[in-house]
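Residue numbers (this note's numbering): 41 to 171.
For each residue, glycine too, the CB sits at the ideal point set by N, CA and C.
Take a look at the structure set out below.
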């Protein structure tokens, strides 16, 4: 279950969050070769002065802390980062330099759901396909 935690120093509308989350789920599924039902996305919205990112200066800032299952290639991670970065820029018209993406990798059993433990990642799998 990837958990994609977006921290923003602004608060998008409900519709913007919904549209953005749908786009991100699509990118993740396609690039990371998995289904979408297990993708978790959170938005943590703060005030303008509550996030600091040295290269960003003033203005909107976005961080993504992405907890993902191990096994993806460096190319997959970079392609996903660039797709999400592009979506952030498109959705909220902010400079690319104001976005920071951090991956933390876990083995599948580190992700626990009510009805199962996720397996280690394999190309093309959908861990909730039988759901």
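Expected contact under 8 Å - CB spacing of residue i and residue j to nearest Å
i	j	result
residue 78	residue 158	7 Å
residue 151	residue 41	4 Å
Short Cβ contact (7 Å threshold) for residue i with residue j
i	j	result
residue 107	residue 144	yes
residue 100	residue 50	yes
According to DSSP, residues forming a beta bridge with residue i
i	result
residue 109	146
residue 80	43
residue 116	According to DSSP, residue 116 bridges with nothing at all.
residue 103	47, 140
residue 157	152
Local Cβ density within 10 Å of residue i, reported as buried at 16 or more and exposed below that
i	result
residue 169	exposed
residue 167	buried
residue 109	buried
>> Measuring CB atoms only, is the segment 129 to 144 touching the segment 81 to 90, in the sense that at least three cross pairs come out at less than 8 Å?
In response: no
> Any contact of the segment 109 to 116 with the segment 49 to 66, i.e. 3+ C-beta pairs under 8 Å?
Replying inline: no
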